[in-house]
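As structure tokens, the structure follows; a few thoughts come after it.
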Amino acid sequence: MHASLSQSLGIKLDIIQAPMAGVQNWELALAVSEAGGLGSIPCGMLTPEQVVSEVEAFTARSNKPYNLNFFCHNMPPIDETALATWQSTLQGYYDLLDAKVPSGIGGLRYPFDADMADAIEAF
Numbered sequence: 068m069h070a071s072l073s074q075s076l077g078i079k080l081d082i083i084q085a086p087m088a089g090v091q092n093w094e095l096a097l098a099v100s101e102a103g104g105l106g107s108i109p110c111g112m113l114t115p116e117q118v119v120s121e122v123e124a125f126t127a128r129s130n131k132p133y134n135l136n137f138f139c140h141n142m143p144p145i146d147e148t149a150l151a152t153w154q155s156t157l158q159g160y161y162d163l164l165d166a167k168v169p170s171g172i173g174g175l176r177y178p179f180d181a182d183m184a185d186a187i188e189a190f
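The opening position of the sequence shown corresponds to residue 68 in the numbering used here, with each subsequent residue numbered one higher.
Here is the structure:
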């Protein structure tokens with residue numbers, strides 16, 4: 068007989084919280100894990116140092132299981148022409164809301180690599 072998902076993961080409920088990069092951190096993962104599900108920390112937009120900080124914050128408050136979610140692919144290069152086109156298209160909305168057009172998009176995600184593996188190995 069095979070163990071259930073909850074038994075295999077050491078959780079009470081067969082619930083895995085969706086990791087939502089950019090809109091949540093360790094706190095939501097902690098709440099889900101403490102409630103009996105598997106909380107997920109989104110790591111795809113974090114540097115190795117930031118991931119360590121998130122995991123340390125979680126593990127300082129709980130010994131419950133948790134999931135770390137990563138991206139495994141490299142981010143494609145930014146197409147400056149496409150970027151200028153969408154910024155121009157949205158300019159009216161920026162003006163209406165008195166908002167600044169974002170600049171310097173930079174790295175939006177970080178692929179899982181040897182540095183990330185080294186950073187989380189202790190956990």
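Every residue gets a Cβ at the ideal spot worked out from N, C-alpha and C, and that includes glycine.
Counterpart residues of residue i in DSSP-defined beta bridges
{"i": "Asn134", "result": "Ser107"}
{"i": "Pro178", "result": "Phe138"}
{"i": "Cys83", "result": "The amino acid at residue 83 is misidentified as Cys; the sequence shows Ile. For Ile83, which the question treats as bridged, DSSP gives the partners Leu105."}
Residue i - containing alpha helix (DSSP H), residue span
{"i": "Gln91", "result": "Neither: Gln91 is in no alpha helix (DSSP H) and is coded neither H nor E."}
{"i": "Phe125", "result": "115-126"}
{"i": "Gly159", "result": "147-163"}
{"i": "Gln74", "result": "72-76"}
Rounded separation between residue i and residue j - CA only
{"i": "Ala184", "j": "Ser71", "result": "28 Å"}
{"i": "Pro132", "j": "Asn141", "result": "28 Å"}
{"i": "Ala186", "j": "Glu116", "result": "7 Å"}
{"i": "Ala189", "j": "Glu123", "result": "11 Å"}
{"i": "Ser73", "j": "Ala85", "result": "16 Å"}
{"i": "Asp81", "j": "Phe125", "result": "20 Å"}
{"i": "Tyr177", "j": "Gly159", "result": "32 Å"}
{"i": "Phe137", "j": "Phe179", "result": "6 Å"}
{"i": "Ser120", "j": "Thr156", "result": "38 Å"}
{"i": "Ala98", "j": "Trp153", "result": "38 Å"}
{"i": "Thr114", "j": "Val90", "result": "16 Å"}
Rounded Cβ spacing between residue i and residue j (contact assumed at less than 8 Å)
{"i": "Ser129", "j": "Ser170", "result": "Not really, about 39 Å apart at Cβ, beyond 8 Å."}
{"i": "Gly103", "j": "Ile78", "result": "6 Å"}
{"i": "Leu105", "j": "Leu76", "result": "5 Å"}
heavy atom of the ligand MG below 6 Å from residue i C-beta
{"i": "Gly77", "result": "With respect to the ligand MG, the structure offers nothing, as it holds no ligand at all."}
Per the contact definition of three or more C-beta pairs closer than 8 Å, is the region 157-169 in contact with the region 81-96? no
Quick check: the region 144-154 against the region 104-111, are at least 3 beta-carbon pairs closer than 8 Å? no
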